[in-house]
Each structure stands twice: as structure tokens, then as C-alpha cells.
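> Below is the structure I would like to discuss, written out as C-alpha cells.
There are 2 protein chains.
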Amino acid sequence: MSRAATAEERRALVGLSRVVEPGSRAVVLAVADRGPVAVWEALRHGRPCGGVSPGLRAGAALRAEGYDPDHDLVRMTRSGLRFVTPQDDEWPTARLWWTPEPGLEAPPLGLYVRGAHRLDEAVARSVAVVGARAATAYGTYVAGQLSTELSDRGFTVISGGAYGIDAAAHRGALASSRSPTIAVLACGVDVAYPRGHDRLLGQIAQTGLVASELAPGTSPTRGRFLVRNRLIAALSLGTIVVEAARRSGSLATLSRARLLHRPVMAVPGPVTSALSAGCHDQLRSPDDPAICVTRVEEVLDVVGALGDDAAAPLRGPVGPRDGLTDTVRLVLDALPVRTGLGEASIARAAGVSSLVVQQVLPPLLAHGLVERTQDGWRLTTLGAGRPGTELRAHGPSP
Amino acid sequence: MSRAATAEERRALVGLSRVVEPGSRAVVLAVADRGPVAVWEALRHGRPCGGVSPGLRAGAALRAEGYDPDHDLVRMTRSGLRFVTPQDDEWPTARLWWTPEPGLEAPPLGLYVRGAHRLDEAVARSVAVVGARAATAYGTYVAGQLSTELSDRGFTVISGGAYGIDAAAHRGALASSRSPTIAVLACGVDVAYPRGHDRLLGQIAQTGLVASELAPGTSPTRGRFLVRNRLIAALSLGTIVVEAARRSGSLATLSRARLLHRPVMAVPGPVTSALSAGCHDQLRSPDDPAICVTRVEEVLDVVGALGDDAAAPLRGPVGPRDGLTDTVRLVLDALPVRTGLGEASIARAAGVSSLVVQQVLPPLLAHGLVERTQDGWRLTTLGAGRPGTELRAHGPSP
Numbered sequence: 001m002s003r004a005a006t007a008e009e010r011r012a013l014v015g016l017s018r019v020v021e022p023g024s025r026a027v028v029l030a031v032a033d034r035g036p037v038a039v040w041e042a043l044r045h046g047r048p049c050g051g052v053s054p055g056l057r058a059g060a061a062l063r064a065e066g067y068d069p070d071h072d073l074v075r076m077t078r079s080g081l082r083f084v085t086p087q088d089d090e091w092p093t094a095r096l097w098w099t100p101e102p103g104l105e106a107p108p109l110g111l112y113v114r115g116a117h118r119l120d121e122a123v124a125r126s127v128a129v130v131g132a133r134a135a136t137a138y139g140t141y142v143a144g145q146l147s148t149e150l151s152d153r154g155f156t157v158i159s160g161g162a163y164g165i166d167a168a169a170h171r172g173a174l175a176s177s178r179s180p181t182i183a184v185l186a187c188g189v190d191v192a193y194p195r196g197h198d199r200l201l202g203q204i205a206q207t208g209l210v211a212s213e214l215a216p217g218t219s220p221t222r223g224r225f226l227v228r229n230r231l232i233a234a235l236s237l238g239t240i241v242v243e244a245a246r247r248s249g250s251l252a253t254l255s256r257a258r259l260l261h262r263p264v265m266a267v268p269g270p271v272t273s274a275l276s277a278g279c280h281d282q283l284r285s286p287d288d289p290a291i292c293v294t295r296v297e298e299v300l301d302v303v304g305a306l307g308d309d310a311a312a313p314l315r316g317p318v319g320p321r322d323g324l325t326d327t328v329r330l331v332l333d334a335l336p337v338r339t340g341l342g343e344a345s346i347a348r349a350a351g352v353s354s355l356v357v358q359q360v361l362p363p364l365l366a367h368g369l370v371e372r373t374q375d376g377w378r379l380t381t382l383g384a385g386r387p388g389t390e391l392r393a394h395g396p397s398p
Numbered sequence: 001m002s003r004a005a006t007a008e009e010r011r012a013l014v015g016l017s018r019v020v021e022p023g024s025r026a027v028v029l030a031v032a033d034r035g036p037v038a039v040w041e042a043l044r045h046g047r048p049c050g051g052v053s054p055g056l057r058a059g060a061a062l063r064a065e066g067y068d069p070d071h072d073l074v075r076m077t078r079s080g081l082r083f084v085t086p087q088d089d090e091w092p093t094a095r096l097w098w099t100p101e102p103g104l105e106a107p108p109l110g111l112y113v114r115g116a117h118r119l120d121e122a123v124a125r126s127v128a129v130v131g132a133r134a135a136t137a138y139g140t141y142v143a144g145q146l147s148t149e150l151s152d153r154g155f156t157v158i159s160g161g162a163y164g165i166d167a168a169a170h171r172g173a174l175a176s177s178r179s180p181t182i183a184v185l186a187c188g189v190d191v192a193y194p195r196g197h198d199r200l201l202g203q204i205a206q207t208g209l210v211a212s213e214l215a216p217g218t219s220p221t222r223g224r225f226l227v228r229n230r231l232i233a234a235l236s237l238g239t240i241v242v243e244a245a246r247r248s249g250s251l252a253t254l255s256r257a258r259l260l261h262r263p264v265m266a267v268p269g270p271v272t273s274a275l276s277a278g279c280h281d282q283l284r285s286p287d288d289p290a291i292c293v294t295r296v297e298e299v300l301d302v303v304g305a306l307g308d309d310a311a312a313p314l315r316g317p318v319g320p321r322d323g324l325t326d327t328v329r330l331v332l333d334a335l336p337v338r339t340g341l342g343e344a345s346i347a348r349a350a351g352v353s354s355l356v357v358q359q360v361l362p363p364l365l366a367h368g369l370v371e372r373t374q375d376g377w378r379l380t381t382l383g384a385g386r387p388g389t390e391l392r393a394h395g396p397s398p
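Those protein sequence lines, which keep their order, are chains A and B. Counted the way our numbering counts, the first sequence spans residues 1 to 398. Counted the way our numbering counts, the second sequence spans residues 1 to 398.
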């Protein structure tokens, strides 16, 4: 799995994404272990395959009856959309790989994409802006304004294409033609959902990207929205909630961002507004409070933490270790590639304070340059930055 | 100084409060050391007195020329106001004593008070609500509503008697007749400042208290507002800022609350409102962020942290150790009265976790039951709670 995907592998992943609901830990682990072709051949016949449950196998076999992935491949070509696999150059490996673990759905098997941008470049500097469907004029204004300014500063705005805050975020980003915006859907990328956003989604695809792990033509379900939310969180450097009622669905995106150790931000609002209560709860969260953001500069303080990312626009592909400050380099150079190292030991090795280490590691984690182990922290292959190092998309770093 | 003040001492303190600006560290230390009579006799003649600077002595002597404290005492009786000294029963010793140190003005020499309530009882359960003079309709509404609900729950609302948020807070508290409200002024308690609040201040004095450390008839100055702010912070269990522009004067009250280790709270608002920007800055403060509060329950979570204070109304005088939870008692019992003890040692002695100790100590500090020393923490005489223990108002605990 550490070379370009063969046509057969691509066909198998397309098939799997058609017959299996996204987010399954067992399926992703089986694909990492046996390769997509073997897993596809097993599941389409409902045969045993690693830890995949009998129920999931039976469901896959039922859906696979009379189905041929080639139909999808032809249909995709006709509709001008593509299927990006973890072996493709444009796959944002550092963002879209994590250890499948309870509480967080597994990473995607692949992504259907509409739009001309390379996926990895589009998400290199990106922020998710999410919130309530039933947004107020205040929330819509703030989401739009913030997204225009983020786009002006060269940041891709990622959202879910829904009514309310999502739409305001996409429209705000479109108003600045500086950076693409990405709609990550809970249905096929060719499905107009909500129906009223047919035109908006078309505009997004023209200048940005519409992405989904669901096969073309698939309708959204409640479960798919929740599983989709982890993708919005994972693709972004950080997630902002602009307006959300208590127990709003958009808060699920924040909890997934937390599980992925990505920064979580909330925009405050009037305490008299029920649609800001969810944001205020996030700011008051006893364990891991959201960062209060009120202006684009404050967002850049959070997501532009690596080097001078926030100041300089991205021109063409940038290496993962480019643009880092000296302090960040010191910490990176002190990190091992195999066994994890504790923060105090990293600080000693780097010759910086523990506080600096604690401040530097989370953004490095968000950028996929370091990862947590049982013993502490270590470099990912991306973080090691050795030219020619093969990135293994479906397994942990060596 | 550990018995009731004599008539001569009271007269000396009235004289000192007339000729010396409040907040002087040197004067308060001199009074603690030599007693008020000696300091008054020295300063009224401009003579050397402890660490009091020649400039301050000269100013005091100039003001004392032809002045007789008896004039003030007679005037006070006529106007229905009283001078409360640290030796009086109603002095809230735990709140109004702290080590005079750079960065925070010294505690008051005494307080002029209009109103029937005992000062110590009125501040026993109290919250300061402060904010911008040029408040918006939103801020005025929130300050009023919060103050009514605090008063309904038996909490005294303390503010500064100014236009805007202060007035809304007082009026909100007056709307609930449940608890008194206290206006702490930067001028004499008989001065109608601002002029438009003549009637409001009269209403506050009728059902609550108007208090100031400035001699009757004294006009406000910029410096007196700043020095007054520490009194608002010191008299309250915690301070809330409802609306404040960046660099607003009301934020000075919060910085004084922080210096006094009292909890600091901020009410969020629209990010589009310049009058909420100061509140949001407080929530984002890197060192010691304000707690985000949006409803009265969230305020009670902060200031009602000691025992079941928040649930049960105060009926008559309550001992300082009444109503504490078992955990708080364990921590208190583990604290020494002489040498300070570190948090880890306290945790060991109390048989609770360090986290519990860290959570319990700040409210105990705010209630005046414990204090910080160079080595750690120890009980105050109030915290030791020994019946008949003399409280030394003008010196640290034994």
C-alpha cells in the first residue's frame, strides 16, 4: 500500500465505499492489513474478513448484489468527479490518518471530489467554520465576515454545505476569490442536498471543492452527518463554531476536533440568544475549553501557530518543515522517530522550557508532524521530513 | 488596636481620612505600627512618621490647617451617616485586610457608610457587577437581569453608582427587595455624583448601603476612581464585568480583583459590539482568563463555591466556618496557623488530592479563611475560627 494504487485497488476502494458505511474501524484496519482488493472480494460475498462483524458483512453482500464498481467509475467520469485514494499524490496524509479508536470513527477509505484543486493543497491552510442551521442574522453576519477575512488571508474555509452558518461561511469565502472553500457533504458529491443549495454547491465546485466519502448518488442520513463531521474536523487546522444551541449537532464537530487534538474555537454572542448558548458552553467547558475568538487575527493566532504561516500566503506546494520558527525546529530535532519521549525529556534535549514544548507540540500534532505514543511523543514520517520517505497512508509511521 | 476603637482613635482616623488620599501603603503600615492617634498627630503637623514621604506629610499638614475632626463627626451625625473603623463589630475584616504591596493600593483606614445594614452582613454574600458607563441596551438589560436574580438568591450586588452598567446593576438589585445593594463611591457618601443619580443613591441608602473611604463632601477625581475600584473588588466574593470597551476603566476593577485573588467573571456579547470587546479580552487573557458567565447559576457556581452558601439564604450572622463541605473542612483542618504549608503537603495531611486542594483554596482565600505566605498557605484567625480570638484588623494574623 506504499505505492500508487493500481486500477484494481482503486476499483476495490470504490466498491467498498459503495457497500460499507464510512467510519468502520474494522474495515479500515482490514484494508490496512490485507489491502483493499482482498477486503472487497471478501465483503462483497459476505465472507469473514479480519474483525469485520457478520452484520456488516451481510449488509455489504446485500448491497453488492448485482453491483459493479465499474458502473461508478464510468458514472464518475461522466459527472466530472474523481475518487481520491490514500495512495494518490493529492491525499492529505497528515490530516487523514489517525489510529482508529473507540469514540472516533475511522479515517476514510477514499474521498469523492468535485473541483479542480488538489485536495492536499486546498487543505494545507484551512479552518472549519460550522454552526447552527437556524442561524440568526448575527451569526450569519459573523460567519460570513470571518470567512471572507480568512479567505483573504489565504485560508481555505471548510464547512458542511448546510443552511445557516455553513452557507454563510461558504458564501463569505466565495466573496473573497483569494482561497478555495470546501464543502464536505454527508451525501454523494453529486447530490443536491439541501435542494436549495444546488446552485451554491455548484459555485463551490467551480472555484473550490465539494468532497465526500459517500458514493455518488448516496442520500444523507442522520448517522452520515455525524460521521461526516469528523472529516470536517480532520481536514482543518482548527474548527470554529459560530452559533449553536445547547446540544446542537454542530457541536459534534467540535467534539471530534478535540478527539483529533485539533484546536477548538467558539465565537461568543449575546447571552440572551439561545443560539449562542452552545458556544458559551464550549467556552466554559471544564476539561478542554474552546478558545474564544472574535476576529480573524485571533483565529490566526491559533491556526497560524506554525512559523509565519499566518503572515505569508501559500505559494505553490510547501514542504512540511518549511516556514518553521527556530524554536519549533529545536523541538522537532529533539523528537525521536521510534519510541515516544516525554515532554520534560524533549525540553531537556531541545534546550527549551517545558512550557515551550507544551505550546509547540499541539500545532505540530495538528499539522501531522508529530504523534502521540504510549510513552510520549515522536516524529511522524512527515515530521521527519526525509526526502523520498514513503508515506504509509494506511498504517502508523515506522 | 485589638479592642474597640476609643473615641480618640476614631477621631484620629476621621482626621486621617480627611487629610490623606486613600490607598497609601506607608500610612496604613504606620497606623498598624503606631496606632492612629500617633500618626494623626504627626501628619497633621507634617512631622516624620514611619515611611510616610515628606510630600505626603506636607500635603496632609496643608489640608489639616484649621481643620478639626470634630467638625466632621458633628456633620456626620447630622447627615445620618457613620464612620466604621476596623475595630468595629461590623467591619468585614476578612475582606478588607491584605498585605499592602506594590501594584495594589493599601486597605482602607475606615469607611463612611449611609444605610441601616451592618456592613459585614451586607457583604457576606456579595458579587460586584461593573461595566461601561456608555452601556448598550444589551448590557443594561443583562446587568439588570443578572442583578435582580442575584438579589433574589440572597446576594448583595456591589457596584460603583455610575451611569450605565453600574446603575443597571443597582436598579436590578433594587427591583428585587430580597437583598441590599451597595454603592461604593469615589467621593463623599453625601455627594450626589453623578448629579443625575441623586435619587438612585438615596434609594440605595434607604434599603442598602452607600459606602466610601473618602471624607464627606469630597469630590471624585480620576485617581480616586481607580483607588475606589479595589474596594469594590475587595468587598465582593467575585467581580463580573458586563460590558466594557478595550481599555475601559471598569477593567481596572478586574485587575484589582485578580491582585486580591478573587474570582473574575465576564459576560460575553456580540463580537460586533465594541462594548463587549473588553469582556472578550478578559475571557482570552493568557495568564488568568476571566470565567465566562451567561446566567445567574453560572455566577453562583463561582461565588457559591463554599459549602451550600448558594442554596441557603443568609439568616442572621453566620460563623466563618459554618456551611462548609466535609472536604473543605478536611483542608482547613490540615492548614497550619503559623508557617505556611505547600499544596502537596496540605493534600497529604488532609488525605485529599492536590487537585482538590487547588480547587478549595482560592474560595477560602476569597472568604478570608486562609492566606498566602512565602512558604505556602496558612489559616487566618478567622479561618482558625477559635471563639474569642481577637481579630487584628491592622496587622497580619498571628
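Glycine included, each C-beta is placed from N, C-alpha and C at the ideal position.
Just checking: is the beta-carbon of His280/B within a distance shorter than 7 Å of some beta-carbon in chain A?
Within the second sequence, numbered from 1, the residue matching residue 280/B stands at position 280. Closer than 7 Å: yes.
> Less than 7 Å between the beta carbons of Ser159/A and Cys187/A, yes or no?
The count along the first sequence starts at 1 and reaches residue 159/A at position 159. The count along the first sequence starts at 1 and reaches residue 187/A at position 187. No; because the gap between Cβ atoms is not below 7 Å, this pair is not in contact.
> Can you list the residues of chain A that Leu283/B reaches, using a CB-CB cut of under 8 Å?
By 1-based counting over the second sequence, the position of residue 283/B is 283. In chain order: Pro268, Leu283, Cys292.
> Using only the alpha-carbon positions, how far apart do Gly278/A and Asp88/A sit?
Here residue 278/A refers to the residue found at position 278 of the first sequence. Here residue 88/A refers to the residue found at position 88 of the first sequence. Answer to the nearest angstrom: the Cα atoms are 38 Å apart.
> State the Cα-Cα distance for the pair Arg125/A and Gly304/A, rounded to the nearest angstrom.
Here the question's residue 125/A lines up with position 125 in the first sequence. Here the question's residue 304/A lines up with position 304 in the first sequence. Near 8 Å, if we compare the C-alpha coordinates of Gly304/A and Arg125/A.
> Determine whether the Cβ of Val271/A lies closer than 7 Å to any Cβ atom of chain B.
In the first sequence, residue 271/A corresponds to position 271, counting from 1. Cβ-Cβ to chain B under 7 Å: yes for Val271/A.
> Is it the case that the Cβ atoms of Leu16/A and Leu109/A are separated by a distance below 7 Å?
Here residue 16/A is taken as the residue at index 16 of the first sequence, counted from 1. Here residue 109/A is taken as the residue at index 109 of the first sequence, counted from 1. In contact: Leu16/A and Leu109/A (Cβ atoms closer than 7 Å).
> Using 10 angstroms around the beta-carbon of Asp190/A, count the other beta-carbons present and answer buried if the total reaches 16, otherwise exposed.
Locating residue 190/A in the first sequence gives position 190, counting from the first residue. By the 10 Å Cβ count, Asp190/A comes out buried.
> Mind pulling the chain A residues with CB within less than 9 Å of Val142/B?
Counting from one through the second sequence, the residue named residue 142/B turns up at place 142. Within 9 Å Cβ-Cβ: Pro270, Val271, Thr272.
> Helix, strand or coil: which one does DSSP assign to Gly129/A?
The residue labelled residue 129/A in the question sits at position 129 within the first sequence. Note that residue 129/A is Val in the sequence shown here, rather than Gly. Val129/A: strand per DSSP, three-state reduction.
> At which residues does the alpha helix (DSSP H) containing Ala30/A begin and terminate?
Here the question's residue 30/A lines up with position 30 in the first sequence. Note, Ala30/A: alpha helix (DSSP H), 25-34.
> Quick one: does Tyr112/B have its CB under 7 Å from some CB of chain A?
Position 112 of the second sequence, counting from 1, holds the residue named residue 112/B. No, no contact with chain A.
> Quick one: list the residues of chain A neighbouring Tyr138/B, beta-carbon separation under 8 Å, in chain order.
In the second sequence, counting from the first residue as 1, residue 138/B sits at position 138. Under the 8 Å cutoff, chain A gives Pro270, Thr272.
> DSSP puts Trp377/B in a beta bridge; with which residues?
For the purposes of this step, residue 377/B is taken as residue 377 along the second sequence, with counting starting at 1. In the DSSP output, where bridge partners are listed per residue, Trp377/B has Leu341/B, Arg372/B.
> Over what stretch of residues does the alpha helix (DSSP H) that includes Ala12/B continue unbroken?
Here residue 12/B corresponds to residue number 12 of the second sequence, with the count starting at 1. Here the alpha helix (DSSP H) through Ala12/B covers 7-19.
> Out of Glu243/A, Arg178/A, Pro216/A, Ala211/A, state which residue places its alpha-carbon closest to the alpha-carbon of Leu401/A.
Here chain A comprises residues numbered 1 to 398, so residue 401/A is not present and cannot be evaluated.
> Look at the Cβ atom of Val360/A, then the Cβ atom of Val328/A, and state whether they are nearer than 7 Å.
One-based indexing of the first sequence puts residue 360/A at position 360. One-based indexing of the first sequence puts residue 328/A at position 328. The answer is yes: Cβ separation under 7 Å.
> Going along the chain, which residues of its own chain have a beta-carbon closer than 7 Å to the beta-carbon of Leu283/A, five neighbours each way excluded?
Residue mapping note: residue 283/A aligns to position 283 of the first sequence, counting from 1. Within the same chain, Leu283/A has close Cβ partners Ala266, Pro268, Pro289, Ala290, Cys292.
> I need the DSSP call for Tyr163/B, collapsed to helix, strand or coil.
Here residue 163/B corresponds to residue number 163 of the second sequence, with the count starting at 1. Note: Tyr163/B maps to coil in three-state DSSP.
> What are the start and end residues of each continuous alpha helix (DSSP H) run of 4 or more residues lying completely inside the region 47-95 of chain B, in chain order?
Segments of the alpha helix (DSSP H) lying fully in the region 47-95 of chain B: 54-64, 69-79.
> Measure the beta-carbon distance from Val296/B to Glu149/B and round it to whole angstroms, keeping in mind my assumption that it falls under 8 Å.
By one-based count along the second sequence, residue 296/B stands at place 296. By one-based count along the second sequence, residue 149/B stands at place 149. Val296/B to Glu149/B, Cβ: 4 Å. Contact.
> Using only the alpha-carbon positions, how far apart do Glu8/B and Val37/B sit?
Residue numbering aside, residue 8/B sits at position 8 when the second sequence is read from its first letter. Residue numbering aside, residue 37/B sits at position 37 when the second sequence is read from its first letter. Going by the C-alpha atoms only, they are around 7 Å apart.
> Please state if the CB of Ile182/B and the CB of Thr207/B are separated by a distance shorter than 7 Å.
If you number the second sequence from 1, residue 207/B lands on position 207. If you number the second sequence from 1, residue 182/B lands on position 182. Against a cut-off of 7 Å, the Cβ pair of Ile182/B and Thr207/B comes out as no contact.
> Taking Tyr193/A as part of the beta strand (DSSP E), name the residues at either end of that continuous run.
Counted from its first residue, the first sequence places residue 193/A at position 193. Neither: Tyr193/A is in no beta strand (DSSP E) and is coded neither H nor E.
> Beta carbon of Val302/B, beta carbon of Gly238/B: below 7 Å?
Here the question's residue 302/B lines up with position 302 in the second sequence. Here the question's residue 238/B lines up with position 238 in the second sequence. Contact: yes.
> Quick one, which of Gln145/B, Ser24/B, Val337/B has its alpha-carbon nearest Gly51/B's?
Taking the first residue of the second sequence as 1, we reach residue 51/B at position 51. With distances taken between Cα atoms, Gly51/B lies closest to Ser24/B.
> From the DSSP output, in three-state form, read off Arg284/B for me.
In the second sequence, counting from the first residue as 1, residue 284/B sits at position 284. Here Arg284/B sits in helix by DSSP.
> Helix, strand or coil: which one does DSSP assign to Thr140/A?
By one-based count along the first sequence, residue 140/A stands at place 140. Helix at Thr140/A.
> Measure the CB-CB distance between Gly340/A and Asp287/A and report whether it falls below 7 Å.
Residue numbering aside, residue 340/A sits at position 340 when the first sequence is read from its first letter. Residue numbering aside, residue 287/A sits at position 287 when the first sequence is read from its first letter. It is not a contact, given that the beta carbons lie outside the stated cut-off.
> Spatial neighbours of Gly342/B within its chain, please: CB distance less than 6 Å, with the 5 preceding and 5 following residues excluded, ordered by chain position.
The sequence position of residue 342/B within the second sequence is 342, counting from 1. If we look at Gly342/B and ignore the five residues flanking it on each side, its Cβ neighbours are Gly376.
> So, at 7 Å on beta carbons, what are the nonlocal neighbours of Ser276/B in its own chain, with the 5 sequence-adjacent residues on each side left out?
Against the second sequence, residue 276/B aligns to sequence position 276. Excluding positions up to five away in sequence, the list reads Glu243, Pro268, Gly269, Pro270.
> What's the gap between the Cα of Ala132/A and the Cα of His280/A?
Position 132 of the first sequence, counted from the start, is the residue given in the question as residue 132/A. Position 280 of the first sequence, counted from the start, is the residue given in the question as residue 280/A. Using only the alpha carbons, I get a separation of about 14 Å.
> Would you call the CB atoms of Ser147/B and Val129/B closer than 7 Å?
Counting from 1 along the second sequence, the entry for residue 147/B is found at position 147. Counting from 1 along the second sequence, the entry for residue 129/B is found at position 129. Taking 7 Å as the Cβ cut-off, Ser147/B and Val129/B qualify as a contacting pair.
> Checking 7 Å against the spacing of the C-beta atoms, do Ala122/B and Leu209/B come in under that value?
Stepping through the second sequence from its first residue, residue 122/B is reached at position 122. Stepping through the second sequence from its first residue, residue 209/B is reached at position 209. In this structure, Leu209/B lies closer than 7 Å to Ala122/B by Cβ.
> Distance, Cα to Cα, Arg378/B vs Thr380/A?
Numbered from 1 along the second sequence, position 378 holds the residue referred to as residue 378/B. Numbered from 1 along the first sequence, position 380 holds the residue referred to as residue 380/A. Near 49 Å, if we compare the C-alpha coordinates of Thr380/A and Arg378/B.
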